[in-house]
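Visitor: Numbering (the numbering used here), first residue to last: 1446 to 1569. The C-beta atom is built at its ideal place from N, Cα and C for all residues, glycine as well. So that we are looking at the same thing, I have put the structure below in structure tokens.
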């Protein structure tokens, strides 16, 4: 669900949430590719580049160096966010995580995690 708040209201939103309460909660998150706001659930918090590289496993991160380390442009804390209406994940700066209006909390997420049984790649 794309949430299009009045552009002037975004800076006035409460500052980002406290790290202690962040994990597992639903927030308004700015998606890096289009800079629009979507509902996202925080899955993990990374307080430094080293923390990020030690904890993230797999190819889901958007940017990696040749040796597999995640590219972090600065040292601010970051969060792994699951966009509940689209099903994708992204690592974002905590400055891109804002409190969400209560009216958007009651709507269930649209994305549903699923898998197909007995499916194999065609080249086997």
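Report the partner residues of residue 1536 according to the DSSP bridge assignment.
Guide: Counting from one through the chain shown, the residue named residue 1536 turns up at place 91. Beta-bridge pairing links residue 1536 to 1525.
Visitor: For residue 1548, name the three-state secondary structure that DSSP assigns.
Guide: Taking the chain shown and counting its residues from 1, the one referred to as residue 1548 is at position 103. Residue 1548 falls in the helix class under three-state DSSP.
Visitor: Name the DSSP beta bridge partners of residue 1543, please?
Guide: Here residue 1543 refers to the residue found at position 98 when the chain shown is read from its first residue. For residue 1543, which the question treats as bridged, DSSP gives the partners 1473.
Visitor: Which whole-angstrom value is the C-beta distance of residue 1523 and residue 1536, which I expect to be below 8 Å?
Guide: By one-based count along the chain shown, residue 1523 stands at place 78. By one-based count along the chain shown, residue 1536 stands at place 91. The Cβ separation is near 5 Å, so the contact holds.
Visitor: Is residue 1471 closer than 8 Å to residue 1550 when the C-beta atoms are compared?
Guide: Position 105 of the chain shown holds residue 1550. Position 26 of the chain shown holds residue 1471. Against a cut-off of 8 Å, the Cβ pair of residue 1471 and residue 1550 comes out as a contact.
Visitor: In terms of residues, what are the limits of the beta strand (DSSP E) holding residue 1485?
Guide: Counted from its first residue, the chain shown places residue 1485 at position 40. Residues 1482-1491.
Visitor: Rounded to whole angstroms, what's the CA-CA distance from residue 1491 to residue 1474? Just pull it up for me.
Guide: By 1-based counting over the chain shown, the position of residue 1491 is 46. By 1-based counting over the chain shown, the position of residue 1474 is 29. In a straight line, the C-alpha of residue 1491 is about 16 Å away from that of residue 1474.
Visitor: Taking the alpha-carbon of residue 1559 as reference, which of 1483, 1531, 1468 has the nearest alpha-carbon?
Guide: On the chain shown, position 114 is the one that residue 1559 refers to. Of the listed residues, the one whose Cα sits closest to residue 1559 is 1531.
Visitor: Between the alpha carbons of residue 1555 and residue 1529, how many angstroms are there, rounded?
Guide: For this step, residue 1555 is matched to residue 110 along the chain shown. For this step, residue 1529 is matched to residue 84 along the chain shown. Going from the Cα of residue 1555 to the Cα of residue 1529 covers about 6 Å.
Visitor: Identify whether residue 1561 lies in helix, strand or coil by the three-state DSSP scheme.
Guide: Counting from 1 along the chain shown, the entry for residue 1561 is found at position 116. In this structure, residue 1561 counts as coil in the three-state DSSP scheme.
Visitor: So, is residue 1479 buried or exposed, given that buried needs 16 or more other C-beta atoms within 10 angstroms?
Guide: Mapped onto the chain shown, residue 1479 falls at position 34. That one is exposed.
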